[in-house]
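**Student:** Shown below is the structure under consideration.
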Amino acid sequence: MKPARWTRDEDSPESVPIAETEPATTPRNRFLVVRGGAIGDFILTLPVCSALRHMFPEAEIELLGYPNVTQLALQGGVVDAVRDIDSRPMASFFNRKGHINEELGSYFAGFNVVISYLYDPDFFFQTNVRSCADHIQFVQGIHRPDETSELHATEALLKALEGLAVFGADPEPKLDFGAQDPGGNRRIAVHPGSGSPNKNWPVNAWFELLRDLSDENTVLVVGGEADREQMDVLKAGLDGSRFEFLENQPLVEVGKRLQGCRAFVGHDSGITHLAAAVGLPGVCLWGETSEHVWRPASERFQVLHGGTGLHAITAEQVAAKIRRMLAD
3 MKPARWTRDE DSPESVPIAE TEPATTPRNR FLVVRGGAIG DFILTLPVCS
53 ALRHMFPEAE IELLGYPNVT QLALQGGVVD AVRDIDSRPM ASFFNRKGHI
103 NEELGSYFAG FNVVISYLYD PDFFFQTNVR SCADHIQFVQ GIHRPDETSE
153 LHATEALLKA LEGLAVFGAD PEPKLDFGAQ DPGGNRRIAV HPGSGSPNKN
203 WPVNAWFELL RDLSDENTVL VVGGEADREQ MDVLKAGLDG SRFEFLENQP
253 LVEVGKRLQG CRAFVGHDSG ITHLAAAVGL PGVCLWGETS EHVWRPASER
303 FQVLHGGTGL HAITAEQVAA KIRRMLAD
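In terms of our numbering, the numbers along the sequence shown are unbroken and rise by one, the last being 330.
Spelled out as structure tokens, the structure:
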């Protein structure tokens, strides 16, 4: 069975499969962006797609990546179509002399520019993709930004486009799901997890903050599979109509719910980058990773340090910042 490609249905909030057709001999302005990685890595790559759209407004832009995250770009209006990179035939493209799947060869030949952010130290993927058609221009981007650099991740990822004469692009990821929530003007979203215990604020501090925020707002508590422990503890200690728990939902659904809120509090995590991308103001509780590289790329977000670690940040500090944001 062929891996599905998906496009956005303008008359429906759902994506729909694309019927496969043979590519033109030399396609015009068809760009493929290839990106693996976690949620945050993916979201920080979105300005690449937006820059291509701005520079080449008539172009078709497609994403090849993991389906749990590529749907964000498709439903958020950033790209025209997406395809799953995690398929068995794709594995041959990562071997030195892999057998090129005929259908995939035709797929890659349908693009005139392929921009890859995959880790490809031996150039196996690049070589195999370029072998699919002579007209393919292959652009290799960085797999991971240099944390010793002063350049933010979004700006470092955009550097790959300079070979296409794309300069000065907006480095802020932006997603719009068209979400409207009548009760969102009184709802604050939080994500008490991060996928790494070292990045997490102590749960007792979260209890104090959530009880404080719930005096004047409803609180949407977002969590994924990696956050089960924190979520179970919080659910056991918080009750009442002021709290809603959104657990293990597709990222597009999470993005829609976040876009309907008025503010956000979270850690250094992919969900925090998602909240920033949908336009929320927010506070990011920051630990030891490189802030100038990985902080949310949004002027509406503030990073809060504890000086000696996350445990030094108080609930009063966070609540005060959120109140000032909402007042502004």
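Backbone N, C-alpha and C define an ideal beta-carbon position, used for all residues, glycine too.
For Gly143, which residues in the same chain have their Cβ closer than 8 Å to its Cβ, ignoring the five residues on either side in sequence?
**Tutor:** These residues qualify, in order along the chain: Val50, Ile117, Ser118, Tyr119, Leu159, Lys161, Ala162.
**Student:** If you follow the alpha helix (DSSP H) that Gly67 is in, where does it begin and where does it stop?
**Tutor:** Note, Gly67: premise wrong, no alpha helix (DSSP H); beta strand (DSSP E) at 62–67.
**Student:** Phe127 to Arg188, Cα distance in whole Å?
**Tutor:** Cα-Cα distance, rounded: 48 Å.
**Student:** Just verifying my parser: in three-state terms, what is the DSSP assignment at Glu318?
**Tutor:** DSSP places Glu318 in helix when its eight states are reduced to three.
**Student:** For Gly281, which residues from the same chain have a beta carbon less than 6 Å from its beta carbon, with the 5 sequence-adjacent residues on both sides left out?
**Tutor:** So the list is empty, once near-sequence residues are dropped.
**Student:** Evaluate contact between the region 199–218 and the region 318–325, counting only Cβ atoms and requiring at least three cross-stretch pairs below 8 Å.
**Tutor:** Because the criterion of three Cβ pairs below 8 Å is met, the region 199–218 and the region 318–325 touch.
**Student:** Out of curiosity, what's the CA-to-CA distance linking Ala207 and Gly311?
**Tutor:** Distance between the alpha carbons of Ala207 and Gly311 is about 13 Å.
**Student:** In the DSSP assignment, find the alpha helix (DSSP H) that holds His132 and state where it starts and stops.
**Tutor:** The amino acid at residue 132 is misidentified as His; the sequence shows Arg. Segment 126–132, the alpha helix (DSSP H) holding Arg132.
**Student:** Which residue wins for smallest C-alpha separation from Leu66, given the options Gly78, Phe44, Met57?
**Tutor:** Among Gly78, Phe44, Met57, the Cα nearest to that of Leu66 belongs to Phe44.
**Student:** Going by CA-CA distance only, name the one from Gln232, Phe245, Asn200 that's closest to Trp288.
**Tutor:** The candidate whose alpha carbon is nearest that of Trp288 is Asn200.
**Student:** Please check the pair Gln73 and Leu253, which I expect to be a contact at CB under 8 Å, by giving their CB distance rounded to whole angstroms.
**Tutor:** About 7 Å; that satisfies the 8 Å criterion.
**Student:** Considering only residues of the same chain and omitting the five flanking positions on each side of Asn202, which have a CB-CB separation below 8 Å?
**Tutor:** The residues are Pro194, Gly195, Ser196, Gln232, His269, Leu312.
**Student:** By the three-class DSSP mapping on this structure, what secondary structure does Asp86 have?
**Tutor:** Asp86: strand per DSSP, three-state reduction.
**Student:** For a test of the three-state rule: what should DSSP assign to Gly107, helix, strand or coil?
**Tutor:** Residue state, collapsed to three classes: helix.
**Student:** Quick one: using the 10 Å Cβ neighbour count with 16 as the cut-off for buried, is Asn250 buried or exposed?
**Tutor:** Exposed, by the Cβ-count rule.
**Student:** Got a sec? Which residues, its chain only, sit under 6 Å from Cys134 by beta carbon, not counting five neighbours each side?
**Tutor:** Cβ within range, chain order: Gly107, Phe110, Ala111.
**Student:** Report back the beta-carbon spacing between Val297 and Pro283 to the nearest angstrom; my notes put them in contact at under 8 Å.
**Tutor:** Residue 297 is actually Arg in this sequence, not Val. Going by Cβ atoms, the distance from Arg297 to Pro283 rounds to 14 Å, so no, they are not a contact pair.
**Student:** For the beta strand (DSSP E) containing Ile190, name the first residue and the last one.
**Tutor:** Counting along the chain, the beta strand (DSSP E) containing Ile190 begins and ends at 189–193.
**Student:** If you measure between the beta carbons of Ala147 and Ala279, is that distance less than 7 Å?
**Tutor:** Residue identity check: residue 147 is Pro in the sequence provided, not Ala. It is not a contact, given that the beta carbons lie outside the stated cut-off.
**Student:** Exposed or buried, which one is Glu318 when buried takes at least 16 other CB atoms within 10 Å?
**Tutor:** Classification for Glu318: exposed.
**Student:** Distance check for Phe58 and Gln139, CA to CA, integer angstroms please.
**Tutor:** If you take the alpha carbons of Gln139 and Phe58, they lie about 16 Å apart.
**Student:** Under the three-state reduction of DSSP, which class applies to Arg325: helix, strand or coil?
**Tutor:** Helix at Arg325.
**Student:** Going by CA-CA distance only, name the one from Glu64, Phe209, Leu177 that's closest to Phe113.
**Tutor:** Cα-wise, what sits closest to Phe113 is Glu64.
**Student:** Can you list, in chain order, the residues of its chain with a C-beta nearer than 6 Å to that of Asp1? Leave out the 5 residues immediately preceding and following it.
**Tutor:** The requested residue 1 does not occur in the structure, where the chain is confined to residues 3 to 330.
**Student:** Any idea what DSSP makes of His269, helix, strand or coil?
**Tutor:** It is a strand residue.
**Student:** When the Cα atoms are used, what is the spatial distance from Arg30 to Leu76?
**Tutor:** Those two C-alpha atoms are separated by around 21 Å.
**Student:** Looking at the structure shown, is Arg32 part of a helix, part of a strand, or coil, going by DSSP?
**Tutor:** Strand, per DSSP.
**Student:** CA-CA distance, Ala314 and Gly308?
**Tutor:** When rounded, the distance between both Cα atoms is 5 Å.
**Student:** Put Leu166 into one of helix, strand or coil per three-state DSSP.
**Tutor:** DSSP places Leu166 in helix when its eight states are reduced to three.
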